[in-house]
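Scroll down for the structure; my scribbles are underneath it.
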Amino acid sequence: MYDVAAMIDGLHALMQINVLTFIFLGFALGFFVGAIPGFNDANVMAILLPFTLLLEPTTAIVSMVGIYCGAQAAGSIPAILMNIPGTPGNAATTLEGYPMARAGRSGFALGLSFGASSFGALIGACLALALGPILGLFALRFGPAEMFMIAVLGLTVVSTLSAERFANGLMIAGFGILVSLIGADSMSAFPRATYGVPQLYDGMPLIPVLLGLFGLSELILLLTRRTIADKGTGESTGWAEIRAGFRESARHKVNLLRSSVLGFFVGVIPGAGSTIGSFLAYGQAKQWSRDRSAFGKGNPEGLVATDSANNATATGSVVPMLTLGLPGSASTLVMLAALVLHGVRPGPEFFHNFQVDAYTILFSMFVAAALIASLGILLARVAQRIVFIPNALLVPIVAVLVFTGAYAWRFMAFDIMLMVIFGVLGVLLKTYRYPVPAFMLAIILGPLLESNFLRATRIGGVESLLASPISKVVAVVIVLSLLAPLLQMLVARLRTRRG
Amino acid sequence: MHLRHKLGELIVPAIVLLGCFLYWWHIQDARAVAQRVPNYVIIFTVAMTVLALVRALLLPPAPNEEPVELPERGVLLRRLAFVAACFGYFFAFSWLGFNLANLGFLVLACVLAGLKLPGAVITALASTIVFHFLARAMDFRVPTGPFGF
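In the order they appear, the protein sequences are chains S and D. Using the numbering used here, the letters of the first sequence map in sequence onto residues 3 to 501. Using the numbering used here, the letters of the second sequence map in sequence onto residues 524 to 672.
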């Protein structure tokens with residue numbers, strides 16, 4: 003299964019100066035794009051796709067790996083500094099990163115984020131290298147029932163995000179699923195709840211909704227404040243804070259490892275995506291934490307979990323793309339297209355027919371992890387100054403950036419209006435303390451949930467949902483996830499009584 | 524609890540219930556397969572909304588629950604004006620084009636955010652030029668206005 007000679011050849015191919023240069027350029031470009039809310043990596047990769055035909059296949063694909071990893075890591079910059087996720091996978095980063103920035107610890111948060119991101123990418127690359135050929139075969143066993151159970155598992159995270167007001171969290175999650183089901187249904191193509199608006203026929207566009215709920219809503223709330231940061235000064239968040247954050251990330255060893263491994267395996271499941279991975283890791287970190295009440299207020303544990311999982315998911319999602327030809331996201335879809343255009347067809351035989359290319363791609367992820375830790379930290383120093391810019395300048399300019407990002411997703415002016423509507427909804431949800439991430443997660447999971455439920459039950463009825471061993475294991479994890487907060491509360495009460 | 528707080532607590536559940544009703548109303552003519560999952564979700568969501576409403580209106584707040592902070596009148600008006608400007612941007616974007624919409628919105632938003640008019644005009648002009656070149660560099664097909672830019 004493992005060919006050492008092919009591994010060495012793959013590593014040798016990667017160490018060519020032109021290949022390394024293109025990874026570096028791709029990473030820098032991805033980093034720049036990821037740091038701008040709304041401009042996602044898939045768009046840039048799609049624009050660059052024709053130009054990659056001028057390159058060798060391996061060089062083309064590793065430069066795309068660079069863009070992909072750079073964008074995933076840099077997406078945490080606006081998430082931490084402005085509460086606007088740079089990529090959908092960074093939505094969970096806002097939960098702890100932004101409160102840290104508002105408390106004047108933006109440098110610490112960025113250092114922590116890049117430390118966790120580089121570790122997550124490194125673990126993801128190690129796992130991809132070790133398990134890639136095996137996982138390709140395992141992923142073939144995931145049918146509709148298993149995917150449905152995975153989607154339900156994702157939604158159980160909702161309960162941990164809104165433990166204090168359980169019904170509110172579930173209400174808003176249900177509404178999120180309903181919003182995600184607007185548009186033509188996959189079975190009969192009936193335009194559900196579109197009310198004659200053709201732009202909604204293909205479903206609810208994710209990027210305008212995301213930018214509205216997280217980005218514009220925050221800008222509306224920031225309008226009347228002087229700066230983003232409540233405390234601190236430009237000097238108090240310098241190199242020392244970034245380095246302290248980077249070092250702090252290394253102290254959460256168990257959390258890093260758990261979140262990275264979880265993120266990687268979520269990434270391996272075709273279609274699951276980094277948003278689910280980072281939210282699941284956040285939920286797990288909260289459930290295992292000794293101080294759950296600190297979550298949502300700038301807890302390093304939560305930020306370490308989301309960012310390590312996000313980057314591990316990004317590397318994990320390359321595995322099904324290579325071994326099954328199944329892209330898990332828009333970015334890996336463009337990567338797949340690039341490989342096919344170069345005459346390299348991914349699939350179960352990929353590791354057999356294109357061994358050297360496969361190992362070159364996998365080793366390039368190690369280079370990307372190193373770039374996150376080095377170049378990312380250097381650029382974070384510049385980026386963190388943003389929290390001290392007066393909102394009178396920042397809010398209007400970022401608002402136009404967000405409008406442009408919403409428009410650029412499908413080049414439809416309608417998406418700007420949609421984003422403003424979701425921005426207003428986001429303000430209401432934040433004001434009355436409803437969990438916005440639960441709403442967003444439900445919107446992402448809704449179509450996955452419905453299509454897999456219908457496919458699974460059409461084949462074997464409702465009982466087929468729990469027929470396979472994988473489904474049963476996931477069901478046990480769901481029950482444990484729901485019971486964990488209750489068990490923790492009981493243990494804490496017992497300890498208090500004994501103490 | 525103050526009446527304004529109580530009414531405020533009703534806003535989100537009211538939006539959710541209205542959304543559920545509009546969704547349910549629109550799928551009445553759809554095939555059963557298209558209604559199946561949405562109907563389950565609507566029942567679940569309405570049940571949770573009723574629970575949330577009972578908790579908000581009838582039960583006392585939890586001891587560790589912090590009260591909702593509502594904005595002052597002046598802050599609320601500025602936010603509403605900003606939201607109106609955002610909706611205005613959508614119409615201006617389609618009718619006047621990307622550059623003029625940006626210029627108009629930026630001047631208005633800068634003033635609402637606290638800049639004086641001369642500063643707002645200079646900031647808006649400089650930012651509009653930067654966005655113009657950014658859109659060109661990223662090859663975005665942004666609409667142009669009646670004056671050709």
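Quick reminder that beta carbons are idealized off the backbone N, C-alpha and C, glycines included. From a predicted model like this one, the values you see are computed outputs, not experimental measurements.
Original post:
Whose CA, out of 440/S, 453/S, 455/S, lies closest to the CA of residue 212/S?
Top reply: In the first sequence, counting from the first residue as 1, residue 212/S sits at position 210. Ranking 440/S, 453/S, 455/S by Cα distance to residue 212/S puts 440/S first.
Original post:
In terms of residue numbering, what span does the alpha helix (DSSP H) encompassing residue 74/S cover?
Top reply: For this step, residue 74/S is matched to residue 72 along the first sequence. That run of the alpha helix (DSSP H) goes 59-76.
**OP:** May I ask you to report which of helix, strand or coil DSSP gives residue 669/D?
**Re:** Residue mapping note: residue 669/D aligns to position 146 of the second sequence, counting from 1. Residue 669/D falls in the coil class under three-state DSSP.
Original post:
Which partner residues does residue 194/S have in the DSSP bridge list?
Top reply: The count along the first sequence starts at 1 and reaches residue 194/S at position 192. According to DSSP, residue 194/S bridges with 185/S.
**OP:** Give the residues of chain D in contact with residue 187/S, contact being defined as C-beta atoms less than 8 angstroms apart.
**Re:** Taking the first sequence and counting its residues from 1, the one referred to as residue 187/S is at position 185. The answer, in chain order, is 553, 556, 557.
Subject >> Boundaries of the alpha helix (DSSP H) in which residue 457/S is found, first to last residue >> reply: For the purposes of this step, residue 457/S is identified with residue 455 of the first sequence, where counting begins at 1. Looking at the DSSP string, the run of the alpha helix (DSSP H) that includes residue 457/S is 438-462.
Subject >> Alpha-carbon spacing of residue 99/S relative to residue 83/S, whole angstroms >> reply: The sequence position of residue 99/S within the first sequence is 97, counting from 1. The sequence position of residue 83/S within the first sequence is 81, counting from 1. If you take the alpha carbons of residue 99/S and residue 83/S, they lie about 8 angstroms apart.
**OP:** Assess, as a yes-or-no matter, whether the region 413-425 of chain S is touched by the region 148-155 of chain S under the definition of 3 or more beta carbon pairs within less than 8 angstroms.
**Re:** no
**OP:** Compute the distance between the beta-carbons of residue 503/S and residue 79/S, then report whether it is under 7 angstroms.
**Re:** As displayed, chain S neither begins before 3 nor continues past 501, which places residue 503/S out of reach and without an answer.
**OP:** Check whether the Cβ of residue 235/S lies closer than 7 angstroms to any Cβ atom in chain D.
**Re:** Counting from one through the first sequence, the residue named residue 235/S turns up at place 233. Residue confidence for residue 235/S is low, a pLDDT of 48 falling below 50, so the modelled location carries little weight; the figure read from the coordinates is stated next. Not closer than 7 angstroms to any Cβ of chain D, the Cβ of residue 235/S fails to qualify, so no.
**OP:** Measure the CB-CB distance between residue 207/S and residue 417/S and report whether it falls below 7 angstroms.
**Re:** Residue 207/S sits at position 205 when you count from the first residue of the first sequence. Residue 417/S sits at position 415 when you count from the first residue of the first sequence. Cβ distance < 7 angstroms, so residue 207/S and residue 417/S count as in contact.
Original post:
Taking Cβ positions only, does residue 225/S come closer than 7 angstroms to chain D?
Top reply: Numbered from 1 along the first sequence, position 223 holds the residue referred to as residue 225/S. Closer than 7 angstroms: yes.
**OP:** Tell me, to the nearest whole angstrom, how far the beta carbon of residue 195/S is from that of residue 184/S; I am working on the premise that it is less than 8 angstroms.
**Re:** As a first step, residue 195/S is located in the first sequence; it is residue number 193 there, counting from the start. As a first step, residue 184/S is located in the first sequence; it is residue number 182 there, counting from the start. Indeed, because the Cβ distance is near 5 angstroms, the residues count as touching under 8 angstroms.
Original post:
Whose CA, out of 76/S, 481/S, 169/S, lies closest to the CA of residue 116/S?
Top reply: Locating residue 116/S in the first sequence gives position 114, where the first residue counts as 1. If we check each option's Cα against that of residue 116/S, 76/S comes out closest.
**OP:** Going by CA-CA distance only, name the one from 336/S, 7/S, 133/S, 296/S that's closest to residue 55/S.
**Re:** Residue mapping note: residue 55/S aligns to position 53 of the first sequence, counting from 1. Of the candidates 336/S, 7/S, 133/S, 296/S, the one whose C-alpha sits nearest the C-alpha of residue 55/S is 336/S.
Subject >> Buried or exposed (CB count within 10 angstroms, at least 16 for buried), residue 460/S >> reply: Numbered from its first residue, the first sequence carries residue 460/S at position 458. Residue 460/S comes out exposed.
Original post:
Going along the region 403-419 of chain S in order, which residues come within less than 9 angstroms of chain D, judged by CB to CB distance?
Top reply: 403, 405, 406, 409, 410, 413, 415, 416, 418, 419
Subject >> Distance, residue 539/D Cα to residue 314/S Cα >> reply: If you number the first sequence from 1, residue 314/S lands on position 312. If you number the second sequence from 1, residue 539/D lands on position 16. Looking at the two C-alpha atoms, the distance is approximately 35 angstroms.
Original post:
Helix, strand or coil for residue 199/S per DSSP?
Top reply: On the first sequence, position 197 is the one that residue 199/S refers to. Of the three classes helix, strand and coil, the one that applies to residue 199/S here is coil, per DSSP.
Original post:
Taking C-beta to C-beta, are residue 68/S and residue 370/S nearer than 7 angstroms?
Top reply: Your numbering for residue 68/S matches position 66 in the first sequence. Your numbering for residue 370/S matches position 368 in the first sequence. Yes, Cβ-Cβ distance for residue 68/S and residue 370/S is below 7 angstroms.
**OP:** Please report how far the alpha carbon of residue 529/D lies from the alpha carbon of residue 563/D, in whole angstroms.
**Re:** Taking the second sequence and counting its residues from 1, one reaches residue 529/D at position 6. Taking the second sequence and counting its residues from 1, one reaches residue 563/D at position 40. Each residue's alpha carbon lies about 29 angstroms from the other.
Subject >> Which listed residue (577/D, 642/D, 670/D, 628/D) has its alpha carbon closest to that of residue 406/S >> reply: Looking up residue 406/S in the first sequence gives position 404. Checked all of 577/D, 642/D, 670/D, 628/D; the closest Cα to residue 406/S is 628/D.
Original post:
With 16 as the cutoff for other CB atoms within 10 Å, does residue 200/S come out buried or exposed?
Top reply: In the first sequence, counting from the first residue as 1, residue 200/S sits at position 198. Label assigned to residue 200/S: exposed.
Subject >> Straight-line gap, residue 145/S to residue 63/S (C-alpha atoms, nearest Å) >> reply: Counted from its first residue, the first sequence places residue 145/S at position 143. Counted from its first residue, the first sequence places residue 63/S at position 61. Taking the straight line from one Cα to the other gives about 29 angstroms.
Original post:
Which full runs of the alpha helix (DSSP H) of 4+ residues lie inside the region 337-363 of chain S, going along the chain?
Top reply: Inside the region 337-363 of chain S, DSSP marks whole alpha helix (DSSP H) runs of 4 or more residues at positions 352-355, from first to last along the chain.
Original post:
Between 300/S, 172/S, 96/S, which lies nearest to residue 570/D when the distance is taken from Cα to Cα?
Top reply: As a working mapping, residue 570/D is identified with position 47 in the second sequence. If we check each option's Cα against that of residue 570/D, 172/S comes out closest.
Original post:
Can the beta-carbon of residue 221/S be found less than 7 angstroms from the beta-carbon of residue 342/S?
Top reply: What you label residue 221/S is simply residue 219 of the first sequence in a count that begins at 1. What you label residue 342/S is simply residue 340 of the first sequence in a count that begins at 1. Taking 7 angstroms as the Cβ cut-off, residue 221/S and residue 342/S do not qualify as a contacting pair.
**OP:** Pull up the distance between the alpha-carbon of residue 590/D and that of residue 437/S, whole angstroms please.
**Re:** For this step, residue 590/D is matched to residue 67 along the second sequence. For this step, residue 437/S is matched to residue 435 along the first sequence. Whole-angstrom Cα-Cα distance: 16 angstroms.
Subject >> Whole-Å CB distance - residue 88/S paired with residue 367/S, under 8 angstroms assumed >> reply: Start at 1 with the first residue of the first sequence, and residue 88/S comes out as number 86. Start at 1 with the first residue of the first sequence, and residue 367/S comes out as number 365. About 20 angstroms separates the two Cβ atoms, so there is no contact after all.
Subject >> Cutoff 7 angstroms: residue 85/S Cβ touching any chain D Cβ >> reply: Along the first sequence, one-based indexing puts residue 85/S at 83. Output row for residue 85/S: interface = no.
**OP:** Could you spell out where the alpha helix (DSSP H) holding residue 250/S opens and where it closes?
**Re:** By one-based count along the first sequence, residue 250/S stands at place 248. Its alpha helix (DSSP H) spans residues 241-253.
Original post:
With distances taken from CA atoms, which of 114/S, 472/S, 23/S is nearest residue 251/S?
Top reply: Mapped onto the first sequence, residue 251/S falls at position 249. Residue 251/S has its Cα closest to that of 114/S, out of 114/S, 472/S, 23/S.
Original post:
What does residue 455/S touch in chain D if you count any residue whose Cβ is under 8 angstroms from its own?
Top reply: By one-based count along the first sequence, residue 455/S stands at place 453. Result: 560.
Original post:
Are residue 373/S and residue 29/S close, meaning C-beta to C-beta below 7 angstroms?
Top reply: As a position in the first sequence, residue 373/S is number 371, starting the count at 1. As a position in the first sequence, residue 29/S is number 27, starting the count at 1. In contact: residue 373/S and residue 29/S (Cβ atoms closer than 7 angstroms).
**OP:** Decide if the region 287-301 of chain S is in contact with the region 350-363 of chain S; the criterion is three or more beta carbon pairs, one per stretch, under 8 angstroms apart.
**Re:** no
Original post:
Is the shortest distance between the beta-carbon of residue 285/S and the beta-carbons of chain D less than 7 angstroms?
Top reply: As a first step, residue 285/S is located in the first sequence; it is residue number 283 there, counting from the start. Cβ-Cβ to chain D under 7 angstroms: no for residue 285/S.
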